[in-house]
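Novice: Take a look at this one; I'll ask things after.
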Amino acid sequence: MSLVRGGSGLEATARAFWSQVHPVFMLPPLAASLFGAILAGSVDPPVAAVHVGAMFTAVYTAHLKDGYVDFHVRGEDDDHPLTERGCRVGLVASTAAFAGCCLLLAALADLLAVALTAPTWVIAYHHAPQLDMHPLSATTGYPLGIALAVLGGFGAQTGTLTPVPVGFALVFLVLLSGIKVIDDAQDYEYDRSIAKRTVAVVVGPARAYGVAYGLMIVALLVVVALVAARVFPPGAVVAALAFAAVAAVARRAGPELATMLLIRGSYVFLAVLVAAVWFEPLSRVG
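Structure follows, in structure tokens:
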């Protein structure tokens with residue numbers, strides 16, 4: 017049986033599997049992993065690379081499973097490059113690769129790194145069709161994966177956790193959950209038709225916007241509070257201000273444009289945080 021639809025041969029197969037790499041959603045978990053490693057102060061490159069590999073395979077698993085469910089199970093998508101068998105083969109391969117990364121983390125780092133990393137695959141594999149049907153898990157699944165990437169990246173380097181990475185993980189969880197609420201609002205009509213209970217479906221699109229921006233405001237206030245408490249470096253305030261400026265523009269846009277602006281704003285937020293930690297070592301403020 018063929019692994020791909022509408023093609024044959026090695027090139028078509030490689031192209032079909034590569035199509036499941038979505039940079040917009042893949043880059044943040046990889047960057048979060050590296051950010052966690054940077055927070056540790058001294059980075060062991062092989063360990064960091066293995067953890068980044070684990071994050072890549074986890075998110076790839078999520079994309080494969082989501083595409084399989086949306087096209088082959090729900091009939092939501094108009095097309096998909098992989099057959100059902102191709103999706104299953106890909107899921108087995110990505111899961112095996114993830115397991116291999118976890119074994120390497122156990123050998124190169126410790127079991128804490130594995131304990132912080134393993135749940136990302138669980139979230140990825142069960143996102144569709146289980147977790148994406150409930151407003152809480154549909155909203156927090158991807159952000160929780162990002163938060164775990166920060167913690168895992170730090171834990172793999174240090175073998176422990178401190179208030180600094182936990183604080184950053186919390187901020188990303190809340191901030192990205194706000195963005196996810198707006199992202200889900202794009203599919204309000206369809207989600208409602210299949211009883212998919214996103215926040216927008218449960219409270220309505222207008223109130224969902226209020227929930228989303230409320231979460232983002234809370235996240236930015238947490239950044240300011242942790243700077244004031246000398247947990248975060250002072251430069252983290254600049255990251256909060258930069259994201260706030262993007263959010264102010266996105267607030268006047270529709271769900272699709274707002275999501276695009278806010279996701280890119282989160283990239284800026286992370287980049288400024290990396291610069292703040294890099295140029296203002298936390299040991300000076302701890």
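In my numbering, the protein residues as written are 17 to 302.
A virtual CB, placed ideally from N, CA and C, is assigned to each residue, including glycine.
Determine the closest residue to Ala30 out of Val105, Val166, His142, with distance taken between C-alpha atoms.
Specialist: When each option's Cα is compared against that of Ala30, the closest is Val105.
Novice: Take every Cβ of the region 251-263, pair it with every Cβ of the region 279-293, and state whether three or more of those distances are shorter than 8 Å.
Specialist: Yes: the two stretches touch, three or more of their Cβ pairs being nearer than 8 Å.
Novice: Please report the distance separating the alpha-carbon of Val63 from that of Asp86.
Specialist: Roughly 35 Å separates the two Cα atoms.
Novice: Is Thr77 near the ligand HEM, judged by its Cβ being under 6 Å from some heavy atom?
Specialist: In the structure on display, the ligand HEM does not appear, and there are no ligands present to speak of.
Novice: Report the residue from Ala154, His88, Gly23, Ala165 whose alpha carbon sits nearest the alpha carbon of Val66.
Specialist: Nearest of Ala154, His88, Gly23, Ala165 to Val66, Cα basis: Ala165.
Novice: Taking the beta carbon of Glu27 as the centre, do at least 16 other beta carbons fall within 10 Å, making it buried, or is it exposed?
Specialist: By the neighbour-count rule (16 or more Cβ atoms within 10 Å), Glu27 is not buried but exposed.
Novice: Thinking C-alpha only, which one of Met71, Ser18, Ala53, His79 is nearest His38?
Specialist: Nearest of Met71, Ser18, Ala53, His79 to His38, Cα basis: His79.
Novice: Grab me the residues of Tyr185's own chain with a C-beta within less than 7 Å of its C-beta, minus the 5 sequence neighbours each way, in chain order.
Specialist: First, the amino acid is wrong: residue 185 is Ala here, not Tyr. Excluding residues within five positions, the ones whose Cβ falls inside 7 Å are Ala163, Val166, Leu167.
Novice: Return the Cβ separation of Thr77 and Ser110 in integer angstroms, given the expectation that the two are a contact with Cβ distance under 8 Å.
Specialist: Confirmed, Cβ separation roughly 4 Å.
Novice: Looking at the structure shown, is Leu177 part of a helix, part of a strand, or coil, going by DSSP?
Specialist: Of the three classes helix, strand and coil, the one that applies to Leu177 here is coil, per DSSP.
Novice: Using three-state DSSP, classify Leu98 as helix, strand or coil.
Specialist: DSSP places Leu98 in strand when its eight states are reduced to three.
Novice: Strictly by DSSP, which residues pair up with Val20?
Specialist: Paired residues: Leu98.
Novice: For Ile210, report the span of its alpha helix (DSSP H) as first-last.
Specialist: No alpha helix (DSSP H) holds Ile210; DSSP gives it neither H nor E.
Novice: Compute the beta-carbon to beta-carbon distance between Pro181 and Gly57, rounded to the nearest angstrom, for a pair I have assumed lies under 8 Å.
Specialist: Contact flag wrong, Cβ pair sits at about 11 Å.
Novice: What is the residue span of the alpha helix (DSSP H) that Arg223 lies within?
Specialist: Here the alpha helix (DSSP H) through Arg223 covers 221-244.
Novice: Assuming the contact rule is C-beta atoms closer than 8 Å, Gly5 and Leu147 should be a hit. Round their C-beta distance to whole Å, please.
Specialist: Nothing in the structure corresponds to residue 5, since the chain is present only between 17 and 302.
Novice: CB-CB under 6 Å to Phe48, same chain, minus the five flanking residues each way: which ones, in chain order?
Specialist: First, the residue type needs correcting, since residue 48 is Ala and not Phe in the sequence shown. Only Ile162, Ala165, Val166 meet the Cβ criterion.
Novice: How about the region 200-211 and the region 267-277: do they share at least three Cβ pairs that are nearer than 8 Å?
Specialist: They touch, by the three-pair rule.
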